[in-house]
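Enquirer: Below you'll find the structure I mean.
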Amino acid sequence: MPEREGTPFELEIPAKAKYVGLARLLAGSIARRMHFSEESIDDLKLAISEVCTNAIVHTGNGEGEKPPILVRYLAGKGFITVEVKDQGPGFDPSCILDREREGLISKGFGIPLIKSLVDVFECDSHPQAGTTVTITKFLKPEKDEL
Amino acid sequence: MDNNEREGAGLEVKVESVGEFSLIGLSGEVDVYSAPKLRETIKTLVDDGKFNIIVDLEKVAFLDSTGLGVLVGGLKRVKHHDGELGIICNQEKILRIFRITGLTKVFPIYRSREELLNEVKEA
Numbered sequence: 000m001p002e003r004e005g006t007p008f009e010l011e012i013p014a015k016a017k018y019v020g021l022a023r024l025l026a027g028s029i030a031r032r033m034h035f036s037e038e039s040i041d042d043l044k045l046a047i048s049e050v051c052t053n054a055i056v057h058t059g060n061g062e063g064e065k066p067p068i069l070v071r072y073l074a075g076k077g078f079i080t081v082e083v084k085d086q087g088p089g090f091d092p093s094c095i096l097d098r099e100r101e102g103l104i105s106k107g108f109g110i111p112l113i114k115s116l117v118d119v120f121e122c123d124s125h126p127q128a129g130t131t132v133t134i135t136k137f138l139k140p141e142k143d144e145l
Numbered sequence: 000m001d002n003n004e005r006e007g008a009g010l011e012v013k014v015e016s017v018g019e020f021s022l023i024g025l026s027g028e029v030d031v032y033s034a035p036k037l038r039e040t041i042k043t044l045v046d047d048g049k050f051n052i053i054v055d056l057e058k059v060a061f062l063d064s065t066g067l068g069v070l071v072g073g074l075k076r077v078k079h080h081d082g083e084l085g086i087i088c089n090q091e092k093i094l095r096i097f098r099i100t101g102l103t104k105v106f107p108i109y110r111s112r113e114e115l116l117n118e119v120k121e122a
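Protein chains in written order, with numbering that gives the first Met the number 0: chain A, 0 to 145; chain B, 0 to 122.
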């Protein structure tokens, strides 16, 4: 998680599809208390849902005993950062960029969606060492404040 | 379909016939947990020989890429039989997801059931 000051929250969820909604709900609640616009809250909820879905799918979606997913929220001045850490098989993150360049991300809409919904997207993954995806959404001034 | 109304997993699915279409009405959230329910509903309709399907998203509070993937999969299934899969949606937050992913060019999108019915009458 980036070195920024804020109030941290942590949620540990089993690596099962039915818990994605919980991570989404908490993100929405935090963002609403921070006075994010409804559109930004929807963007954040969708982005977190996508990140958690990827984490759960890549961890095995509840098949057998799988390690949990750790979701860490950092609510700071003018931003919210969410870090989703799984203990799945991991991968070489450069393959995301390679696949994007080659236009090969046609099977899934998840990664392009996440990137279009948040201000910062970071992915740290290593084979056999799990994946950590961090996303940040900045609080934008209301239109009448511009 | 025997099971016209399904509940649970945060998603309610209702199927009805509207003219030549099978209309799937969704209510709730479509995500990685609930999307298989929609996938199964579409698959059952196609297996029953119903290849013109409309999915009504007006009462959907949340839709993610898993839901989009199911709709695209459904479209491929019906296209294989020269059918069509359209969407009813007038919610900006849902339409935005279709725009971001370029799917507004892939699915026929109707703003309401009335718009669908009017287009059918005119065709």
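Every residue gets a Cβ at the ideal spot worked out from N, C-alpha and C, and that includes glycine.
Along chain B, in chain order, which residues have C-beta atoms closer than 7 Å to that of residue 109 of chain A?
Expert: 64
Enquirer: Note down, in chain order, each residue of its chain lying with its Cβ closer than 8 Å to the Cβ of residue 137 of chain A, except the 5 sequence neighbours on either side.
Expert: 77, 78 and 118
Enquirer: Chain B partners of residue 48 of chain A, CB-CB under 7 Å?
Expert: Residues of chain B passing the Cβ test: 30 and 63.
Enquirer: Whose Cβ in chain B lies nearer than 8 Å to the Cβ of residue 130 of chain A?
Expert: Correct list: empty, because the minimum Cβ distance to chain B is about 16 Å.
Enquirer: Output yes if chain B places a C-beta closer than 8 Å to the C-beta of residue 115 of chain A; else output no.
Expert: yes
Enquirer: Indicate the three-state DSSP secondary structure (helix, strand or coil) for residue 26 of chain B in the structure shown.
Expert: strand
Enquirer: Using DSSP's beta-bridge definition, name the partner residues of residue 131 of chain A.
Expert: DSSP output for residue 131 of chain A lists A/84 and A/123 as bridge partner(s).
Enquirer: Note down, in chain order, each residue of its chain lying with its Cβ closer than 8 Å to the Cβ of residue 102 of chain A, except the 5 sequence neighbours on either side.
Expert: Low local confidence applies: a pLDDT of 45 at residue 102 of chain A is under 50, so the model's placement there is unreliable, and no value is given.
Enquirer: Reducing DSSP to helix, strand and coil, say where residue 199 of chain A ends up.
Expert: Past the boundaries of the shown model lies residue 199 of chain A; chain A is included only from 0 to 145, so the question cannot be answered.
Enquirer: For the alpha helix (DSSP H) that contains residue 28 of chain A, what are its first and last residues?
Expert: 19 to 32
Enquirer: Check whether the Cβ atoms of residue 126 of chain A and residue 67 of chain A lie closer than 8 Å to each other.
Expert: The answer is no: Cβ separation not under 8 Å.
Enquirer: Using CA atoms only, rank isn't needed, just tell me which of B/73, B/33 and B/63 is closest to residue 41 of chain B.
Expert: B/73
Enquirer: Can you give me, in chain order, the residues of the region 83 to 99 of chain B that have a beta carbon less than 9 Å from any beta carbon in chain A?
Expert: 91, 92, 95, 96 and 99
Enquirer: With which residues is residue 72 of chain A paired in a DSSP beta bridge?
Expert: A/8 and A/81
Enquirer: Which residues, in chain order, does the region 38 to 70 of chain B contribute to contact with chain A at a C-beta distance below 9 Å?
Expert: 61, 62, 63, 64, 65, 67 and 68
Enquirer: Helix, strand or coil: which one does DSSP assign to residue 61 of chain B?
Expert: strand
Enquirer: Can you give me the start and stop residues for the beta strand (DSSP E) that residue 16 of chain B sits inside?
Expert: 10 to 17
Enquirer: Please tell me whether residue 72 of chain A and residue 140 of chain A are closer than 8 Å, where the distance is taken between their beta carbons.
Expert: no
Enquirer: From which residue to which residue does the beta strand (DSSP E) around residue 83 of chain B run?
Expert: 83 to 87
Enquirer: Under the rule that 16 or more other beta-carbon atoms within 10 Å means buried, what is residue 128 of chain A, buried or exposed?
Expert: exposed
Enquirer: Nearest chain A C-beta to residue 25 of chain B closer than 8 Å, yes or no?
Expert: No, its Cβ sits nowhere closer than 8 Å to a Cβ of chain A.
Enquirer: Any beta carbon from chain A within less than 8 Å of residue 11 of chain B's own beta carbon?
Expert: no
Enquirer: With a threshold of 7 Å on Cβ separation, who are the neighbours of residue 113 of chain A within its own chain once the five nearest residues in sequence on each side are excluded?
Expert: 46, 49, 50, 120 and 134
Enquirer: So, with DSSP's three-state summary, where would you put residue 56 of chain B?
Expert: Taken through DSSP and simplified to helix, strand or coil, residue 56 of chain B comes out as strand.
Enquirer: Hey, residue 31 of chain B and residue 52 of chain A are a contact pair by Cβ (cut 8 Å); roughly how many whole angstroms apart?
Expert: Residue 52 of chain A and residue 31 of chain B do touch by the CB rule: their CB atoms are close to 4 Å apart, below 8 Å.
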